[in-house]
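Asks: The opening position of the sequence shown corresponds to residue 4 in the numbering used here, with each subsequent residue numbered one higher.
The structure's right below; bear with me while I get my questions together.
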Amino acid sequence: MKKLFLPLFLISFMLSGLAGAAAPDVATGSMVSYWPLNGNANDAVGSNHGSGYVSSYPPGISSYSAKFDGVDDYIDVGPSYNFNSVGGGFTLSAWVKPLDQTPNAPYSDSGRIVGTYSSNYPDNCASGYGLTAYDGGVMSFIINQGDCGTNQLTLQAHTAVGEWVHIVGTYNINGNYKMYKGGVLVNQFSGFGWGIDDESTPLMIGASKSMYGDQGYMESHFNGRIDEVVYWNRALSGSEVEGVRAFYGERNCGDEIDNDFDGFIDACDADCNDDGDIIADSNGAPYSPYWYTEICDDLDNDCNGEVDEGDVCASTGIPYWTDMNGNIIDESADKGDTVRMNVPGVNLEGEAANFSIYNSTGTFQWWNPLTWFMQDDQSYVGKATIQLDTAGVYYFIAEIPSLGITSAQSTDLTVSSSTDDDPLILEIQNPTCGSNFTIGTEVEIIVNISDNDDEVTGTLTLNDTTILALTNGVNSIDYTFDSDGEYSLIASVNNSRGKDAKDISNIIITDSSSDKQYVAACIDHPENYASFSNSTVDFLATSTSAIDCTSGTCELINYDSGDLLYTWTFPDDAEVGNLTIYGNSTDLNGNETLDPYNFTANFIASGDHTATLDVSFI
Numbered sequence: 004m005k006k007l008f009l010p011l012f013l014i015s016f017m018l019s020g021l022a023g024a025a026a027p028d029v030a031t032g033s034m035v036s037y038w039p040l041n042g043n044a045n046d047a048v049g050s051n052h053g054s055g056y057v058s059s060y061p062p063g064i065s066s067y068s069a070k071f072d073g074v075d076d077y078i079d080v081g082p083s084y085n086f087n088s089v090g091g092g093f094t095l096s097a098w099v100k101p102l103d104q105t106p107n108a109p110y111s112d113s114g115r116i117v118g119t120y121s122s123n124y125p126d127n128c129a130s131g132y133g134l135t136a137y138d139g140g141v142m143s144f145i146i147n148q149g150d151c152g153t154n155q156l157t158l159q160a161h162t163a164v165g166e167w168v169h170i171v172g173t174y175n176i177n178g179n180y181k182m183y184k185g186g187v188l189v190n191q192f193s194g195f196g197w198g199i200d201d202e203s204t205p206l207m208i209g210a211s212k213s214m215y216g217d218q219g220y221m222e223s224h225f226n227g228r229i230d231e232v233v234y235w236n237r238a239l240s241g242s243e244v245e246g247v248r249a250f251y252g253e254r255n256c257g258d259e260i261d262n263d264f265d266g267f268i269d270a271c272d273a274d275c276n277d278d279g280d281i282i283a284d285s286n287g288a289p290y291s292p293y294w295y296t297e298i299c300d301d302l303d304n305d306c307n308g309e310v311d312e313g314d315v316c317a318s319t320g321i322p323y324w325t326d327m328n329g330n331i332i333d334e335s336a337d338k339g340d341t342v343r344m345n346v347p348g349v350n351l352e353g354e355a356a357n358f359s360i361y362n363s364t365g366t367f368q369w370w371n372p373l374t375w376f377m378q379d380d381q382s383y384v385g386k387a388t389i390q391l392d393t394a395g396v397y398y399f400i401a402e403i404p405s406l407g408i409t410s411a412q413s414t415d416l417t418v419s420s421s422t423d424d425d426p427l428i429l430e431i432q433n434p435t436c437g438s439n440f441t442i443g444t445e446v447e448i449i450v451n452i453s454d455n456d457d458e459v460t461g462t463l464t465l466n467d468t469t470i471l472a473l474t475n476g477v478n479s480i481d482y483t484f485d486s487d488g489e490y491s492l493i494a495s496v497n498n499s500r501g502k503d504a505k506d507i508s509n510i511i512i513t514d515s516s517s518d519k520q521y522v523a524a525c526i527d528h529p530e531n532y533a534s535f536s537n538s539t540v541d542f543l544a545t546s547t548s549a550i551d552c553t554s555g556t557c558e559l560i561n562y563d564s565g566d567l568l569y570t571w572t573f574p575d576d577a578e579v580g581n582l583t584i585y586g587n588s589t590d591l592n593g594n595e596t597l598d599p600y601n602f603t604a605n606f607i608a609s610g611d612h613t614a615t616l617d618v619s620f621i
């Protein structure tokens, strides 16, 4: 026998609402300035900070780089004795991604990468030194002694346009000049002396500063990207230049190079080195520059075998409001409604978010510090019940403290002055009542809950054991039935306004090896907790099913078979009374009566009523 209990509500509801990175010094003690160009032109090891204008800071060789447009972008580091009195030698190093240098008079075919080189017109007296790019990927290391162009040295190297390359120029006290490309010596000259000692000549990145009479102006604007610019006050050796290339450019601790010059070959083990750390100071103490901490750049910065692991690539998109069914609110919400605050993003799994809500003037309204949960590991979803006394326009901002992320301002939500309540709809979509399966079958159980303006919570039980927590939307679970019998799935929920809903699906699990009879009683109409404005209610139970298994064969028994006995129990004030009805439409005494699966009952009084159905084999 299978019993089905159906509560009915015949009352109306009254609803209301209220309204400075530190640079690792490969050449210990000789690095003067280091410009990583990670969003600004600050000197990471000294005080020679740059100013000027750069188009943008896109991803580069290490974190970000500076993008120069070849027209008017530049960085002016300013004059410095450290850059101009170079009798003891110097090294200039930069990573560049050159494009064809755009015409920009004078010297339209060149773009300055970095240096103190400066010209004076109309005398054409040039002074200083620097790394320069020309059309076609030609790179030059230029030295000029300031005697109006008669004593100039130019070393050149060729590289591909549009590709990153490491360029270095060195000078030592003996007058030896060398140029390196990609860590390899490509050009050199000896015996060229140095005679400039002019503290007023500025060091520039991405352009040159020249004089026409007493008027200064910019020229030789670089077209492309520049990254990791470094100045040492001595000439690095060839092995040191290669170490710089490997260290700054590829950050590859498995390159079989002693990048930190401590006598050990660096290896990519758990701590990125076989001797403790890839970079150590002169005393061997660990040194951990920021690019050996994982950053979002498609590289394994910390050499642990994973790329961009953890939350380094975490980000958020534009937040927006939805109803509790997940639909974007494009009109308005009402006082008393519960709404969702959605923050899309990536790599947000496991991080908590706080939601703050503001009115259209930016005045803080209320805060929901704990009302959040993750959805599909890709977005934050908070929920808030509108408890304001006045209508208006509102937005929210989400903060993710553990990641240091604050979202953008959300789309606007208009709150009307009315109070409305959308219906609560609950349905066990699968399996439907009366379904049958063989023992051992895995069944996807699906429960759909719809309530646009309220939060819904509840449980799904299987024969009185809870198997799933329920909320707005589609809820599902895969369940394997390991034993035969009659099973009752009951979904019970309530919403944030106190409204209840229930749905029942009785199913059969058969075992053909046993001689058994199974019954699944189903009330198709009315729904649980249904409300009616009149006293007449139609009852329908045609989904009821039964199965008779005998001698290894199972036979389906239809709902209208004379083999089934329907027993209905109603309140005393129901005109149908308490009925025991056969499938052949006769009662136990043989009198003609109602169809047990399709009839009408009249309720004399309003109020809460229940109906119970038992179905069994005769």
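We treat Cβ as the ideally placed atom computed from N, Cα and C, and that holds for glycine.
All figures in this text were calculated on a predicted structure; none of them were measured in a lab.
Could you pull out every residue in the same chain whose Cβ sits closer than 7 Å to the Cβ of G476, ignoring the five residues on either side in sequence?
Replies: Answer for G476: N328, G329, I452, listed in chain order.
Asks: Classify S143 as helix, strand or coil using the three-state DSSP reduction.
Replies: strand
Asks: Just the Cα atoms here: how many angstroms apart are D326 and D485?
Replies: 39 Å
Asks: Return the bridge partner residues of F192 from the DSSP annotation.
Replies: Y180
Asks: Does the pairing of the segment 332-347 with the segment 418-427 give three or more beta-carbon distances under 8 Å?
Replies: yes
Asks: Under 8 Å, do D514 and I442 count as touching if we go by C-beta distance?
Replies: Remark: C-beta atoms of D514 and I442 approach each other more closely than 8 Å.
Asks: According to the neighbour-count rule (16 or more other Cβ atoms, all chains shown, within 10 Å of its Cβ), is S113 buried or exposed?
Replies: buried
Asks: DSSP beta-bridge partners for K100?
Replies: R228
Asks: Using alpha carbons as the reference points, say which of E430, V618, K505 lies closest to S479.
Replies: E430
Asks: Identify the residues that DSSP records as bridge partners of D79: which are they?
Replies: S54, M207
Asks: Can you tell me the Cα-Cα spacing of Y397 and I332, whole angstroms?
Replies: Those two C-alpha atoms are separated by around 12 Å.
Asks: If you draw a straight line from the C-alpha of L471 to the C-alpha of C436, how long is it?
Replies: Computed Cα separation, rounded: 18 Å.
Asks: Give the DSSP-derived three-state secondary structure of E166 in the structure shown.
Replies: coil
Asks: Do the segment 520-540 and the segment 457-464 meet, that is, are 3 or more Cβ pairs less than 8 Å apart?
Replies: no
Asks: Beta strand (DSSP E) containing D488: first to last residue?
Replies: The residue asked about is misnamed: residue 488 is Gly in this sequence, not Asp. Looking at the DSSP string, the run of the beta strand (DSSP E) that includes G488 is 488-498.
Asks: Measuring alpha carbon to alpha carbon, tell me which of S363, G365, N345, T364 ends up nearest N357.
Replies: N345
Asks: State the Cα-Cα distance for the pair G593 and T570, rounded to the nearest angstrom.
Replies: In this prediction, G593 scores a pLDDT of 46, lower than 50, which makes its location untrustworthy; the coordinate-derived value is nonetheless stated afterwards. C-alpha separation (whole angstroms): 15 Å.
Asks: Going by DSSP, what residue range makes up the beta strand (DSSP E) through G461?
Replies: 459-465
Asks: Whose C-alpha, out of Y37, T547, Q159, is nearest the C-alpha of N236?
Replies: Y37
Asks: For the putative contact between L102 and N226, defined by C-beta atoms under 8 Å, what is the C-beta separation to the nearest angstrom?
Replies: 5 Å
Asks: Here's the rule I'm using: 16 or more other beta-carbon atoms within 10 Å means buried, otherwise exposed. How should H161 be labelled?
Replies: exposed
Asks: Would you grab the beta carbon distance between S68 and I229 for me? Rounded to a whole angstrom, and I think it's under 8 Å.
Replies: 6 Å
Asks: Using the rule of at least 16 other Cβ atoms within 10 Å of the residue's Cβ for burial, across every protein chain shown, is L616 buried or exposed?
Replies: buried
Asks: Does the count of Cβ pairs from the segment 53-63 and the segment 71-81 closer than 8 Å reach three?
Replies: yes
Asks: Thinking C-alpha only, which one of S554, V99, N177, Y174 is nearest G140?
Replies: When each option's Cα is compared against that of G140, the closest is V99.
Asks: Contact check, L134 vs F192 under 8 Å by CB: the rounded distance?
Replies: 15 Å between Cβ atoms; not a contact.
Asks: According to DSSP, is R237 helix, strand or coil?
Replies: coil
Asks: Thinking L473 and V446 are a contact (beta carbons under 8 Å), I'd like their distance in whole angstroms, please.
Replies: L473 to V446, Cβ: 17 Å. No contact.
Asks: Quick check on DSSP: helix, strand or coil for S59?
Replies: strand
Asks: Under the three-state reduction of DSSP, which class applies to F542: helix, strand or coil?
Replies: strand
Asks: Taking one C-beta from the segment 499-506 and one from the segment 603-616 each time, how about it: are there three or more such pairs within less than 8 Å?
Replies: no
Asks: Measuring only the C-alpha atoms, how far is L206 from Y132?
Replies: 9 Å
Asks: Assuming V522 and S619 are in contact, meaning their beta carbons sit under 8 Å apart, how far apart are those beta carbons, in whole angstroms?
Replies: About 6 Å separates the Cβ atoms of V522 and S619, confirming a contact at the 8 Å cut-off.
Asks: Which residue from L416, A44, I408 puts its Cα closest to that of F399?
Replies: Among L416, A44, I408, the Cα nearest to that of F399 belongs to L416.
Asks: Within this structure, are the beta carbons of N509 and D454 separated by less than 8 Å?
Replies: Not closer than 8 Å, so no.
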